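Notes follow the structure.
Chains as they are written, first to last, in the working numbering: chain G, 1 to 319; chain X, 1 to 357.
Now the structure itself:
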């Protein structure tokens, strides 16, 4: 009887292991299939960035470039005026990445910092003083549900018509926000503010009230409490939020397209301008820029991952 | 001088009144414990003293100064919170030094005072650690050190021991009491644990529904509870209560209810005759012996070591508890005879709960 049960137990273990193995293989097969769908466009972009004009839209497609070239990268990273080989008779002035990269970095960094600063204090007010009532935090996120195109046109009218006319009439100075760094920074800061508030709320909510009460009883004023207690405790959260918002701004296209031209040019807008009279859409340089633009996003994404873990696990405060 | 006077203190949150008219004189150097069930207003009262809550009406004075409009940090108080509220991103040293740093005290002086406070609380080896590296008891000491370092004249404590395990809690009670004796400061301590209140307090304030039920020394509260609520709140197990009426029997006033009859002192006021009352008697004053007259049936025995609790049916579905010697031979299900010690019977008005003897 004893042996019987032993055999049964072994068989059961065998069966369990087999089942686990089948499940593991199945799981990986599904994930691999899904990954190929997700990764393919990125692979295609990188592959295209090393192809010359003839191979961009070749049929049947060239999965890998037959004659790999660095010409696309040479063009986008070129300095000064482009020679005819690199300029490819572009319809607009031949483009390099520098202007777009500089503008995008400036605008996205400034706007993200501005949104972070405002959003953190707003989130503090909402978390601690219940500003706007019980459901305000949900309302804030709803603002983000509005499609950008809905606001893009009205903002354009404000920037390009109402503000210039109003300032001319009232101040005798024509001030326009259209196609300016300030204009783009403002709209980026405003559109990402809901995200900042929403994210910072979750971090600030985790800081127990009693920490602030304790600090106040020890003689610290409101500002000191925020500076010495609250901000250090949500610092990781602020880093995560900044990176998240920065990526949103970095990838934004519609508002930049509508509200700028020709002075301010972010990377996404620049990308769209790669056209040539001789060759049509310049897929090669576009793919090269796409590849370059993706790098910081991937790096920041990995950074966020690291900070997210830190950001959300700081709540080790005894409750 | 750090006596505290509360005058008709009221705190409402919208339609809900948490504290309704509390007046209290807390003496300088006293260990005062506010006790009561959750939501009785004790923490709200403490928060009003600390300045974290603004009273809806009423006046708070510390010493001779009315402090209603002073910021929490300007009142010269120290507070230990229920969750201790140690700053998780600062070392133990920085936690203790925080109050001194915001007061802009010179660094050398800070180091000296932090060191002295750590010495007092026996936590010197912890100074470089973070709060999360400290055990429950250690964190407790850090929180106390952080409070004593600023030399407050008044210590406020909001259930500071509730996060500790039972053994440590009992040890910390002794330690807090010693600390109070050494510092000679005023301690105001909030708890829902009646045992904590009994063991540490000079005086106890029992609160219920935003009001003070009784103010007195631990023994006054235990032996002469002012209301049925106080009588039921203090003592383990809970006092036995029997509803009934005061009647005139052959031998003077007596209580009759739930099939029980209990002679009452002759001194009892005659205007209680015919009134509906609740008779209260603690388990240690329920005597089970052969000389007793009233029969009952033992149901359940709970040995405590130094005594044994006997839960028994007293007829008409009434269940009572008696505390007897651990050597008792009573077995569950067996019949017994019991009586109440007449000198220790309390009478409460059935409607208002006020004490009648």
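Beta carbons: idealized from backbone N, C-alpha and C, even for Gly. For clarity, every value in this text was computed on a predicted model and none was experimentally measured.
Own chain partners of residue i with C-beta closer than 6 Å, once the 5 adjacent residues on each side are dropped
i: residue 305 of chain G; result: none
i: residue 199 of chain X; result: 173
i: residue 120 of chain G; result: 200
i: residue 319 of chain G; result: The predicted model places residue 319 of chain G with a pLDDT of 33, which falls under 50 and marks its position as unreliable, so this point remains unresolved.
i: residue 166 of chain G; result: none
i: residue 108 of chain G; result: 246, 249 and 250
Closest Cα partner of residue i within the set the options
i: residue 40 of chain X; options: X/22, X/107, X/30 and X/345; result: X/22
i: residue 265 of chain X; options: X/242, X/282, X/347 and X/283; result: X/347
i: residue 64 of chain G; options: G/77, G/74, G/73 and G/45; result: G/45
i: residue 113 of chain G; options: G/240, G/265, G/30 and G/232; result: G/240
i: residue 127 of chain X; options: X/142, X/289, X/191 and X/301; result: X/142
i: residue 129 of chain X; options: X/159, X/298, X/103 and X/87; result: X/87
i: residue 246 of chain G; options: G/111, G/43 and G/26; result: G/111
i: residue 128 of chain G; options: G/283, G/243, G/174 and G/209; result: G/209
i: residue 295 of chain X; options: X/275, X/308, X/309 and X/318; result: X/318
i: residue 167 of chain X; options: X/71, X/196 and X/75; result: X/196
i: residue 324 of chain X; options: X/334, X/338 and X/34; result: X/338
i: residue 255 of chain G; options: G/204, G/196 and G/147; result: G/147
i: residue 68 of chain X; options: X/24, X/6 and X/190; result: X/6
i: residue 279 of chain X; options: X/11, X/116, X/139 and X/341; result: X/341
i: residue 203 of chain G; options: G/295, G/41 and G/232; result: G/232
i: residue 277 of chain X; options: X/146, X/312, X/306 and X/352; result: X/352
i: residue 232 of chain X; options: X/89, X/36, X/116 and X/80; result: X/36
i: residue 185 of chain X; options: X/343, X/63, X/161 and X/9; result: X/63
Buried versus exposed call for residue i [16 or more other C-beta atoms within 10 Å across all chains shown]
i: residue 113 of chain X; result: buried
i: residue 317 of chain G; result: The predicted position of residue 317 of chain G is uncertain, since its pLDDT is 39 and thus under 50; no value can be drawn from it.
i: residue 178 of chain X; result: exposed
i: residue 252 of chain G; result: buried
i: residue 249 of chain X; result: exposed
i: residue 173 of chain G; result: exposed
i: residue 143 of chain G; result: exposed
i: residue 158 of chain X; result: buried
i: residue 31 of chain G; result: exposed
i: residue 79 of chain G; result: exposed
i: residue 283 of chain G; result: buried
Close Cβ partners of residue i (< 8 Å) along its chain, the five nearest in sequence each way excluded
i: residue 156 of chain G; result: 178, 258 and 259
i: residue 316 of chain X; result: 258 and 259
i: residue 100 of chain X; result: 109, 110, 113, 114, 149 and 150
i: residue 272 of chain X; result: 246, 253, 347 and 356
i: residue 274 of chain X; result: 245, 246 and 247
Under 8 Å by beta carbon: chain X residues contacting residue i
i: residue 200 of chain G; result: Those do not exist, as residue 200 of chain G stays about 17 Å from chain X at its closest Cβ, beyond 8 Å.
i: residue 224 of chain G; result: 102
Amino acids of chain X, ordered along the chain, whose beta-carbon sits closer than 7 Å to that of residue i
i: residue 229 of chain G; result: 87
i: residue 219 of chain G; result: 73, 99, 102 and 103
i: residue 120 of chain G; result: By Cβ distance, chain X contributes nothing, its closest Cβ being about 17 Å from residue 120 of chain G, past 7 Å.
i: residue 210 of chain G; result: 81, 83 and 85
Bounding residues of the beta strand (DSSP E) (the contiguous stretch that carries residue i)
i: residue 189 of chain X; result: 186 to 191
i: residue 38 of chain X; result: Neither: residue 38 of chain X is in no beta strand (DSSP E) and is coded neither H nor E.
i: residue 287 of chain X; result: 286 to 288
i: residue 299 of chain X; result: 294 to 303
Endpoints, alpha helix (DSSP H) assigned at residue i
i: residue 119 of chain X; result: 107 to 120
i: residue 120 of chain G; result: 98 to 129
i: residue 200 of chain G; result: 181 to 205
i: residue 143 of chain G; result: 136 to 143
i: residue 141 of chain X; result: 136 to 148
i: residue 226 of chain G; result: Taken as a continuous stretch (DSSP letters only), residue 226 of chain G belongs to no alpha helix (DSSP H), as it is neither H nor E.
i: residue 57 of chain X; result: From DSSP, residue 57 of chain X is part of no alpha helix (DSSP H) but of the beta strand (DSSP E) over 57 to 62.
i: residue 194 of chain X; result: 194 to 200
i: residue 170 of chain X; result: 166 to 183
i: residue 94 of chain X; result: 92 to 102
i: residue 271 of chain X; result: No alpha helix (DSSP H) holds residue 271 of chain X; DSSP gives it neither H nor E.
i: residue 227 of chain X; result: From DSSP, residue 227 of chain X is part of no alpha helix (DSSP H); its letter is neither H nor E.
i: residue 159 of chain G; result: Residue 159 of chain G -> no alpha helix (DSSP H), and no H or E assigned at all.
i: residue 269 of chain G; result: 267 to 272
Close beta carbons around residue i, own chain, < 7 Å, minus the five adjacent residues each side
i: residue 104 of chain G; result: 250, 266 and 267
i: residue 176 of chain X; result: 200
i: residue 180 of chain X; result: 31 and 187
i: residue 286 of chain G; result: 271 and 274
Where residue i meets chain X, residues with beta-carbon distance less than 9 Å
i: residue 232 of chain G; result: 87, 89 and 90
i: residue 213 of chain G; result: 47, 50, 52, 72, 79, 81 and 85
Per-residue contacts from residue i into chain G (C-beta, under 9 Å)
i: residue 150 of chain X; result: 218 and 219
Chain G residues whose Cβ lies nearer than 7 Å to that of residue i
i: residue 50 of chain X; result: 217
i: residue 77 of chain X; result: 217
Chain A contact for residue i (CB, 8 Å cutoff)
i: residue 18 of chain G; result: Structure shown: chain A not included; protein chains present are G and X.
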